[in-house]
Ligand SMILES: [Fe+2]
Ligand SMILES: [Fe+2]
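Written as structure tokens, this is what we have:
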């Protein structure tokens with residue numbers, strides 16, 4: 014299984030530059046081109062939230078217009094910049110967002126790895142939470158298939174990143190309970206998040222937790238005494254998660270790559286089918 018993770022696209026009105034610098038629609042268009050050029054292509058593209066800079070029907074329609082070109086199926090989960098009602102209007106009840114309940118959470122069953130998509134949004138607030146109701150829902154879903162490898166996806170990372178503000182730890186409530194819950198379910202191969210606009214990985218809940226990169230404006234890393242949160246000019250990126258049958262000596266596992274987005278010189282091929290084609 015090849016899973017592409019797109020996150021924090023922060024799509025604005027067509028032509029708008031976010032913070033006066035960042036053409037988020039261009040970056041998403043470029044990401045779609047890169048994903049469509051993958052050979053083999055992905056089985057699924059998962060968006061881990063903050064689809065729009067501010068959730069609205071016109072912005073979600075702009076996002077939909079760009080991602081219609083995707084050849085792989087797309088699934089979305091909400092972030093703090095999103096609006097549940099507007100998301101429901103544009104995506105609700107479709108294969109992108111098959112839910113009708115209060116929370117926009119659901120399960121993707123038709124992939125080699127089961128993907129449980131959680132909704133961590135607290136309306137009109139930047140941080141997120143896993144409240145008792147959402148934790149109970151997740152526990153019930155994980156209890157259904159204890160032997161199937163599973164990814165738990167959510168917008169707000171449950172771990173401390175070493176950064177500042179809500180980028181230090183996106184999940185302000187329910188993180189400790191989530192940690193304990195996941196330890197009861199050994200089939201969880203990875204926790205995938207977004208929100209911090211930076212590729213970060215650590216151990217959490219007895220498994221690996223990763224925040225995927227953003228296609229809009231990355232946040233720089235500053236561990237100095239002032240703990241600045243800078244919008245950096247590093248290239249935007251997507252993540253590619255490969256479910257490989259021989260990832261480890263013990264068997265299958267998830268292997269995660271970061272793919273920067275930009276216009277590069279053509280590749281220089283060193284090996285083809287394992288055979289060197291370019292002399293040193
Ligand atoms: Fe974001
Ligand atoms: Fe966010």
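Residue numbers (our numbering): 14 to 293.
We put the CB at the ideal spot given by N, CA and C, even for glycine.
query, result
"I want to know whether the segment 167-183 touches the segment 91-99 - three or more CB-CB distances under 8 Å.", "yes"
"Cβ of residue 89 within 8 Å of Cβ of residue 109?", "yes"
"Under 8 Å by Cβ, that's how I've got residue 253 and residue 272 pegged, so tell me the actual separation to the nearest angstrom.", "6 Å"
"DSSP has residue 18 in a bridge; who is on the other side?", "59, 252"
"Is residue 77 helix, strand or coil when you go by DSSP?", "helix"
"Are there any heavy atoms of ligand 1 lying less than 7 Å away from the beta-carbon of residue 187, as far as the coordinates show?", "no"
"Comparing the CB of residue 92 with every heavy atom of ligand 2, is any distance shorter than 7 Å?", "yes"
"Compare the Cα-Cα distances from residue 14 to each of 262, 140, 266, 61 and report the closest residue.", "266"
"Within its chain, find whatever has a CB closer than 7 Å to the CB of residue 244; leave out the 5 residues flanking it on each side and keep chain order.", "32, 230, 232"
"Is the segment 51-63 touching the segment 96-103, taking contact as three or more C-beta pairs under 8 Å?", "no"
"Does the contact criterion of 3 or more C-beta pairs under 8 Å hold for the segment 18-29 versus the segment 71-80?", "yes"
"CA-CA distance, residue 216 and residue 193?", "13 Å"
"Residue 112 to residue 131, Cα distance in whole Å?", "11 Å"
"Given that a residue counts as buried once 16 or more other Cβ atoms are within 10 Å of its Cβ, and exposed if not, what is residue 270?", "exposed"
"Could you tell me which of 283, 20, 70, 36 sits nearest to residue 87, measuring between CA atoms?", "20"
"What residue ranges within the segment 186-253 form continuous beta strand (DSSP E) runs of no fewer than 3 residues, ordered along the chain?", "201-206, 213-217, 220-224"
"On the DSSP bridge assignment, give the partners of residue 35 in chain order.", "31"
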